[in-house]
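In the working numbering, the protein residues as written are 2 to 208. Here's the structure we're looking at; comments come further down.
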């Protein structure tokens, strides 16, 4: 579990098979083998580390669902260590389980902030609400505006300077995780039925 408050920006140092090694500092404090670190919002398990870097294994499902496959040596990434009982919850509860990727379709630089419009599929948009939470590349943000197929977030000066989102450009692919509360609300609001439908019969080859 994470908070969406990025602690530092690291760099991809090397790729070896399924292994990726990233430079880091803050997130390595009190780290250990098996610990979880969010990389661009993706919860990954530490398989090795030293004083200034750590290595993780990236599974096929993670490659398919996230933007990690697009990283190259030297790419910057947002890093956050796992939530502990002594760590402040400054953002919102983030699982590190990416729901899908989105595409940056527009950016507007204002005096005190950066507006980013992101296009996303229904697997994410169904949970997006104005003034609700969304995690973009591991950063906890508030939805400023929602359209049919896109939403807008506002990046304040500190976040702009201390995460990769400050360098976002059109067509960037970003990892998206919807607020877990929205998922539970949907789950418990769906009417439950034990009856057998025609859809069920077709799906299982009976009709």
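Note that the Cβ used here is the ideal one computed from N, Cα and C, for glycine as well. Keep in mind it's a predicted model, so treat the numbers as computed, not measured.
Would you list the residues sitting across from residue i in a DSSP beta bridge?
| i | result |
| --- | --- |
| residue 154 | 117, 144 |
| residue 54 | 24 |
| residue 12 | 77 |
| residue 161 | The partner list for residue 161 (beta bridge, DSSP) is empty, contrary to what the question assumes. |
| residue 38 | 45, 82 |
Residue j and residue i - do their beta-carbons sit closer together than 8 Å?
| i | j | result |
| --- | --- | --- |
| residue 140 | residue 132 | no |
| residue 164 | residue 28 | no |
| residue 53 | residue 25 | yes |
| residue 209 | residue 138 | Since the first residue of the chain shown is 2 and the last is 208, residue 209 is not available in this structure. |
| residue 172 | residue 104 | yes |
| residue 83 | residue 2 | yes |
| residue 86 | residue 4 | no |
| residue 95 | residue 178 | yes |
| residue 150 | residue 126 | yes |
Leaving aside the five residues before and after residue i along the sequence, list all residues of the same chain whose C-beta is less than 8 Å from its C-beta, in chain order.
| i | result |
| --- | --- |
| residue 186 | none |
Please work out which residues of its chain come closer than 7 Å, Cβ to Cβ, to residue i, disregarding the five sequence neighbours upstream and downstream, and give them in chain order.
| i | result |
| --- | --- |
| residue 122 | 101 |
Could you tell me which of the options sits nearest to residue i, measuring between CA atoms?
| i | options | result |
| --- | --- | --- |
| residue 34 | 47, 43, 41, 80 | 47 |
| residue 108 | 51, 152, 42 | 152 |
| residue 136 | 79, 31, 85 | 79 |
| residue 142 | 72, 180, 14, 120 | 180 |
| residue 146 | 15, 9, 120, 36 | 120 |
| residue 30 | 200, 9, 92, 134 | 9 |
| residue 50 | 14, 74, 124, 161 | 14 |
| residue 38 | 98, 168, 130, 74 | 98 |
| residue 1 | 188, 62, 190, 72 | Past the boundaries of the shown model lies residue 1; the chain is included only from 2 to 208, so the question cannot be answered. |
| residue 183 | 32, 60, 129, 110 | 129 |
| residue 61 | 36, 170, 18, 148 | 18 |
| residue 36 | 190, 81, 188, 74 | 81 |
Three-pair Cβ contact test at 8 Å for the segment 56-73 versus the segment 35-43:
yes
Is there contact between the segment 105-120 and the segment 155-162, where contact requires at least three CB pairs shorter than 8 Å?
yes
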